[in-house]
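Undergrad: For the sequence shown, the working numbering gives the first residue as 699, with consecutive numbering after it.
This structure is in structure tokens; I'll ask about it shortly.
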Amino acid sequence: MSNFTGNKLNYNEILSQISVNLNNALNTFGPSSSQYQAILEILKDNLQNIDRHRDYDVPELDPDTLSLALGFLEIGNKAS
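In structure tokens:
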């Protein structure tokens, strides 16, 4: 599966993949684990990239995908 639509990043797919990884790390290791926190940093970096590029022609984010990703951020903030 490609993360590109044409030559544009598909942020929905990226966020979805990160969310799956976060869910697996959460269920396996817990929210305060180094594994979960490392994936959480990847999510934060991607959200910053999305914010930086929002003025460019990027595909619209799916609200459900974004909501799921932000939910993992909230779990991570409570654990730290």
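Virtual Cβ for every residue (Gly too), placed ideally from N, Cα, C.
Because the structure is a prediction, the values reported are computed rather than measured.
1) Of all the options 710, 718 and 761, which has the alpha carbon lying nearest to the alpha carbon of residue 737?
2) Under 8 angstroms, do residue 760 and residue 710 count as touching if we go by C-beta distance?
3) For residue 733, which residues of its own chain have a beta-carbon under 8 angstroms away from its beta-carbon, when the five flanking residues on both sides are left out?
4) Just reading off the alpha helix (DSSP H) that residue 761 is part of, what are its end residues?
5) Does the distance from the C-beta atom of residue 707 to that of residue 763 stay below 8 angstroms?
TA: Judging by the given coordinates:
1) The shortest C-alpha separation from residue 737 is found at 718.
2) Cβ atoms of residue 760 and residue 710: closer than 8 angstroms.
3) 723, 726 and 727.
4) 761-777 is the span of the alpha helix (DSSP H), which, as asked, contains residue 761.
5) In this structure, the beta-carbon distance from residue 707 to residue 763 does not fall below 8 angstroms.
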